[in-house]
Amino acid sequence: AGQFGLVTPIQIYDKTTGKVADFVTEFTFLVNTNGRSNYGDGFAFFIVSPNFKIPDKKKSEGGNLGMFTSETALYTKQVLLVEFDTFSNEWDPSPAVSQFAHIGIDVNSIRSVAYTPWYSDFSIDGNLAKARIEYDSSDKKLKVLVQIGFSASTGDLVETHDILSWSFKSNI
Numbered sequence: 003a004g005q006f007g008l009v010t011p012i013q014i015y016d017k018t019t020g021k022v023a024d025f026v027t028e029f030t031f032l033v034n035t036n037g038r039s040n041y042g043d044g045f046a047f048f049i050v051s052p053n054f055k056i057p058d059k060k061k062s063e064g065g066n067l068g069m070f071t072s073e074t075a076l077y078t079k080q081v082l083l084v085e086f087d088t089f090s091n092e093w094d095p096s097p098a099v100s101q102f103a104h105i106g107i108d109v110n111s112i113r114s115v116a117y118t119p120w121y122s123d124f125s126i127d128g129n130l131a132k133a134r135i136e137y138d139s140s141d142k143k144l145k146v147l148v149q150i151g152f153s154a155s156t157g158d159l160v161e162t163h164d165i166l167s168w169s170f171k172s173n174i
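My numbering applies: residue 3 is where the sequence shown begins, and numbers increase by one.
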């Protein structure tokens with residue numbers, strides 16, 4: 003398990019104007035299983051409170067995606083993930099979706115509140131992929147300061163997660 007991101011929190015709310023930032027982040031990534039047919043476990047783009055405590059690597063491996071432990075997986079305050087999940091765990095969406103890799107939105111929990119399967123014609127292993135995540139501030143509000151970055155983990159099955167490029171743009 004591991005994480006990387008911006009060290010300095012970023013402001014996404016202007017107290018003077020009351021405006022909440024819209025943002026767009028884009029990244030190019032590669033998941034590599036070195037030819038194995040079984041994957042494990044995935045990675046996530048995260049937005050957390052500056053007070054969020056990143057868990058110990060050993061406690062956050064496997065399906066915890068480097069951001070949760072078995073004690074905090076089902077309820078953690080002030081964490082938002084967009085997960086790129088490559089392994090089915092008991093908390094994942096219905097078997098029809100979770101037996102395949104999926105992209106999920108996780109709010110304060112490892113359980114996805116919304117999800118979609120990765121396209122069945124897209125082979126995950128070794129193929130370059132690009133993701134774009136947009137946040138429209140008219141829908142929801144986040145804290146004044148947040149930290150952003152990526153986390154990843156593997157369990158008994160191994161794969162690498164390479165973020166090859168990353169951009170983040172905000173209007174505040």
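Glycine residues also receive a C-beta, built at the ideal position from the N, C-alpha and C atoms.
Counting the other CB atoms within 10 Å of its CB gives Tyr41 a total of 16 or more, which places it among the buried residues. When the alpha-carbon of Tyr77 is set against those of Phe47, Val115 and Ile105, the nearest one is in Val115.
Setting aside the 5 residues that flank it on each side, Pro95 is surrounded in the same chain by His104, Gly106, Ser114 and Tyr117, each with a C-beta closer than 8 Å to its C-beta; the list follows chain order. Between the region 39 to 54 and the region 81 to 96, the count of C-beta pairs closer than 8 Å reaches three or more; the two stretches touch. In the structure shown, the three-state DSSP call for Lys55 is coil.
Closest option to Trp168, judged by alpha-carbon separation, among Ala3, Ile14, Glu28 and Asp16: Glu28. Our two residues, Gly151 and Ser39, have alpha carbons roughly 28 Å apart in a direct line.
Using a 10 angstroms sphere on the CB of Gln149, the tally of other CB atoms reaches 16 or more, which defines it as buried. Sixteen is the threshold: since fewer than 16 other Cβ atoms of the shown chains lie within 10 Å of the Cβ of Asp141, the residue is exposed.
The beta-carbon separation of Leu82 and Ile49, rounded to 5 Å, stays under the 8 Å limit for a contact. Per DSSP, reduced to three states, the secondary structure at Asn66 is helical.
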